[in-house]
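Below is one structure, written out as structure tokens; the observations come after it.
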Amino acid sequence: MASILVSGHTTTTVPNGVTATLVNGKDDHLHTDGVDAPVPLTLELPNIFATLLPSTPLSEEESSKIAQEWLDKLSAILQTGAAPSTDELSSVLAHSIVPWWKDHLSLTWALRCAHGIPNITNLLAPVIPLRKPVAPALTKAIYIPMTGTLQFVQAQFDFETPLAKCKGVACLIPEQGVEEGDVAWRAWVVMTQMADLKGHEADAQRLKVPDEGGEEQEEVDVLIIGAGQSGLQLAAALRTLSFRALIVDRVTHVGDHWKRVYESFKLHLSKYYCQLAYLPWPESTPFFPKISDIANFLDQYAHELHLNVLLESEVKKAEFDKKKGSWNVPIRTGGTERTVRAEHLVFATGLSGYTPAMPNVPGKEIFKGEVMHSLDYRAGEKYKDKHAIVVGTACSGHDIAADLYRSGAASVTMIQRKATMVFAEKAFRAATGVMYNENGPPLEYADRLSEVMPNQLTKLLMAQYPPTEEYVVIEAGLEKRGFRLLERDLGHIIFERQGGHYLDVGCSQLIVDGKIGVKSGVPIKNFTESALAFEDGTELPADVIVFATGHNTLTMKEGIHKVVGAESAKGLKDIWGLDKEGHVKGVYRDNGVQNLWAAAGPFSFTRYNSKLLAMQIVASHFGLLQDRFDV
Ligand SMILES: Cc1cc2nc3c(=O)[nH]c(=O)nc-3n(C[C@H](O)[C@H](O)[C@H](O)COP(=O)(O)OP(=O)(O)OC[C@H]3O[C@@H](n4cnc5c(N)ncnc54)[C@H](O)[C@@H]3O)c2cc1C
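Going by the working numbering, the first residue of the sequence shown is number 19, and it counts up by one from there.
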């Protein structure tokens with residue numbers, strides 16, 4: 019989300035959650051000699067003094083000069099090949115704000131984000147002598163005058179290690195230099211990222227040529243369970259690295275599982291933000307892709323990119339052969355079963371697995387109307403002139419309430435248990451649309467820049483996009499109708515709570531206009547014959563009640579346990595939620611179990627992370643994935 023603009027100054031200090039170089043490698047060497055550094059996690063954005071800012075926006079030439087000078091200092095530190103000291107790093111890292119250094123595989127073989135110069139020193143000291151990064155070369159420098167108090171030069175650079183071609187991005191802010199009146203440009207945020215393994219460089223042209231694999235192979239490098247967008251994008255990323263994967267899914271056609279969702283479903287984010295790597299949506303795809311667009315496109319994706327997908331097949335168990343270092347995976351297709359041996363096993367089975375989470379409301383048996391979970395709701399026509407209740411105020415609840423209203427229900431009332439974060443889709447578009455639009459830059463480039471900012475800063479960055487005047491009116495209208503709004507914190511909601519919010523694509527206005535009712539904060543007591551009764555003694559008559567109360571979110575980890583068994587799953591880390599450095603846990607990274615991986619998340623997240631996981635799998639195969647410095 020680095021394409022988000024930033025301004026202002028807000029500081030939140032939370033208990034220190036950052037430990038320095040705690041190191042761990044599941045299949046390689048273990049490092050446990052990390053040192054904790056007492057740097058509190060300080061969430062703030064730079065607030066630069068006017069006297070330090072350039073009087074006019076810097077030209078490309080001026081920005082390049084600043085970036086090059088900074089890069090020369092970094093080069094000098096790296097050139098020695100020795101562990102950098104705090105003093106050395108202080109010459110390139112910000113003093114006026116606690117700086118960040120994020121690494122995606124290039125130096126640590128892990129997803130890391132150190133905060134503060136002591137922690138950054140602890141992160142870099144063991145890895146610089148080991149990885150030997152050299153030759154940082156500036157590729158681009160852009161001056162980004164975000165606001166009156168936050169302006170920086172974004173330095174984009176390439177560098178190399180003996181193992182990999184890497185990319186770097188640094189956000190340089192002007193600070194007081196040594197002499198009175200001097201300006202020193204130092205990095206507030208640095209991101210280093212592995213872009214390609216040497217000798218195994220990605221080549222998207224490989225996707226155009228069918229491989230010799232096929233669905234009948236008995237031995238594969240990678241077996242992926244799940245042909246949703248996560249499984250498909252990972253298989254494609256592996257193919258660009260000349261690595262074959264077999265995907266297994268129970269569905270009859272790729273994309274079919276989307277058809278289980280209510281008919282009016284559309285993505286709540288634009289098709290530009292939700293692109294898949296390597297193949298654009300067909301031109302006819304609407305701005306918010308519908309179910310049929312998504313399902314058809316996933317099928318097309320699998321065919322056009324020559325991915326091996328075994329359909330109508332299920333994986334119920336997998337056994338790890340410790341001696342051979344590979345998995346034996348029985349695959350059931352129709353009435354037959356065969357066992358495939360795979361070096362790596364990836365679960366791309368979806369975070370929720372479509373398992374309904376339903377509150378246990380007494381009296382369901384006496385209710386004469388229809389009751390269902392949102393997973394069983396199809397369309398609203400059937401409920402024309404009927405009184406409808408939708409329990410739940412996240413994305414599905416809003417979508418279904420709007421569908422019922424538009425289908426002519428006599429009344430629709432949403433039941434809100436607790437305050438809900440509502441975020442105008444247009445505000446999200448304003449924050450991300452610079453990178454993701456019809457004429458946007460290549461996705462890999464856009465995604466890299468969007469990854470630069472630490473996840474911990476998402477809330478502060480999104481706060482720079484306050485609701486428009488028009489939306490302030492909608493928010494006030496919602497509250498007037500009794501709808502309780504939660505403070506906006508998109509990072510928390512997506513990466514930690516895994517949903518429970520509404521990206522407003524139109525339903526909020528229907529609530530404001532009184533077309534959809536709201537009953538908020540009063541617990542449901544029981545069903546009656548013809549209504550839902552509440553703890554405050556009121557009753558809401560209904561012909562149909564839809565529980566849009568979400569899915570069981572533990573399903574993916576539980577699913578892995580079920581398939582590989584307790585012994586093999588020993589040590590499996592949590593899946594989803596943020597680790598103490600702000601990266602999502604358990605997916606696209608070491609998860610504690612040898613040769614087992616998980617792939618999941620929203621389209622943009624899986625798009626970026628698929629290549630990172632593909633590189634880890636390939637590196638592991640060739641014995642290159644050594645000395646992982648993980649949290
Ligand atoms: C209302 C709503 C709006 C949303 N809007 C957006 C949006 O705008 N943008 C966005 O990025 N995301 C959005 N999402 C989230 C999006 O739906 C998910 O992020 C996405 O579908 C996850 O893809 P996946 O490939 O990880 O999992 P899934 O799509 O769930 O695919 C998992 C696959 O695994 C298969 N499978 C599972 N277990 C097995 C097994 N044992 N054997 C064989 N096959 C198996 C399933 O059949 C399925 O095909 C939205 C979600 C909702 C509910």
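Where is the CB? At the ideal position from N, CA and C, for every residue including glycine. Everything numeric in this text was worked out from a predicted model, so none of it was measured.
Asked	Found
Let me know if Arg204 comes out buried or exposed under the rule of 16 or more other beta-carbons within 10 Å of its beta-carbon.	buried
Suppose only complete runs of 4+ residues qualify. What are the alpha helix (DSSP H) ranges in the segment 378 to 446, listed by chain order?	413 to 424
Quick check on the burial criterion: 16 or more other C-beta atoms within 10 angstroms. Buried or exposed for Val227?	exposed
Rounded to whole angstroms, what is the Cα-Cα separation between Ala637 and Lys342?	18 angstroms
So, do the segment 134 to 147 and the segment 82 to 94 have three or more beta carbon pairs nearer to each other than 8 angstroms?	no
Ordered along the chain, which non-local residues of its own chain (more than five positions away) have a Cβ less than 7 angstroms from that of Ser81?	Ala159, Ile160, Tyr161, Val171
Confirm, please, whether the CB-CB distance from Leu328 to Ile349 is below 8 angstroms.	yes
Is it the case that the CB of Ile243 approaches a heavy atom of ligand 1 more closely than 7 angstroms?	yes
Going by alpha carbons, who is nearest to Val602 out of Asp648, Thr60, Ile243, Thr486?	Asp648
Considering only residues of the same chain and omitting the five flanking positions on each side of Thr30, which have a CB-CB separation below 7 angstroms?	Model confidence at Thr30 stands at a pLDDT of 31, short of 50, so the residue's coordinates are unreliable and nothing is read from them.
If you measure between the beta carbons of Lys300 and Leu285, is that distance less than 8 angstroms?	Checking the sequence, you will find Pro at residue 300 rather than Lys. No; because the gap between Cβ atoms is not below 8 angstroms, this pair is not in contact.
According to DSSP, is Gln97 part of a helix, a strand, or is it coil?	helix
Could you tell me the distance, in whole angstroms, from the CA atom of Ala366 to the CA atom of Gln612?	17 angstroms
Would you tell me roughly how many angstroms separate the C-alpha atoms of Trp276 and Asn137, rounded to the nearest one?	44 angstroms
Which one of Arg268, Ala253, Leu59, Val564 has the shortest CA to CA distance from Val430?	Val564
Measure the beta-carbon distance from Leu264 to Val238 and round it to whole angstroms, keeping in mind my assumption that it falls under 8 angstroms.	5 angstroms
Using DSSP bridges, identify the partner residues of Ala551.	Asn544, Glu557
Could you spell out the range, first to last residue, of the alpha helix (DSSP H) harbouring Tyr161?	Here Tyr161 belongs to no alpha helix (DSSP H); instead the beta strand (DSSP E) covers 152 to 163.
Where does Thr354 fall in DSSP's three states?	strand
Between Gly532 and Ala420, what straight-line distance do the alpha-carbon atoms span, to the nearest angstrom?	12 angstroms
Report back the beta-carbon spacing between Ser93 and Thr139 to the nearest angstrom; my notes put them in contact at under 8 angstroms.	With a Cβ gap of about 18 angstroms, Ser93 and Thr139 do not count as contacting.
Shorter than 7 angstroms, the distance from the beta carbon of Arg193 to the closest heavy atom of ligand 1, or not?	The identity of residue 193 in the sequence shown is Glu, whereas the question assumes Arg. Outside the cutoff, so no.
Report the CB separation of Arg149 from Leu125 in whole angstroms; it is logged as a contact under 8 angstroms.	5 angstroms
Looking only at its chain, what residues have a beta carbon closer than 7 angstroms to the beta carbon of Leu316, apart from the 5 residues adjacent to it on each side?	Gln247, Leu250, Val272, Gly273
Shorter than 7 angstroms, the distance from the beta carbon of Ala94 to the closest heavy atom of ligand 1, or not?	no
Take the Cβ of Thr210 as the centre, count every other Cβ of all protein chains shown within 10 Å, and call the residue buried at 16 or more, exposed below.	buried
State the Cα-Cα distance for the pair Tyr401 and Ile593, rounded to the nearest angstrom.	39 angstroms
Give me the Cα-Cα distance between Ile578 and Pro147, rounded to the nearest whole angstrom.	37 angstroms
Should Ser622 and Tyr291 be called a contact, given that it needs their Cβ atoms to be closer than 8 angstroms?	yes
Determine the DSSP secondary structure at Trp345, reduced to helix, strand or coil.	strand
Give the straight-line distance between the Cα atoms of Asp51 and Asp645, rounded to the nearest whole angstrom.	Here the model assigns Asp51 a pLDDT of 34, short of 50, so the residue's position is not dependable, and the following value carries that caveat. Between Asp51 and Asp645, the C-alpha separation is close to 13 angstroms.
Cα separation between Leu643 and Asn609?	14 angstroms
DSSP on Gln174, reduced to helix/strand/coil?	strand
Measuring from the CB of Phe283, is there a heavy atom of ligand 1 at a distance below 7 angstroms?	yes
Considering only C-alpha positions, which residue in the set Val530, Leu467, Leu479 is nearest to Ala494?	Val530
Checking the sheet assignment: what are the DSSP bridge partners for Leu323?	BP columns for Leu323 are empty, so no partner.
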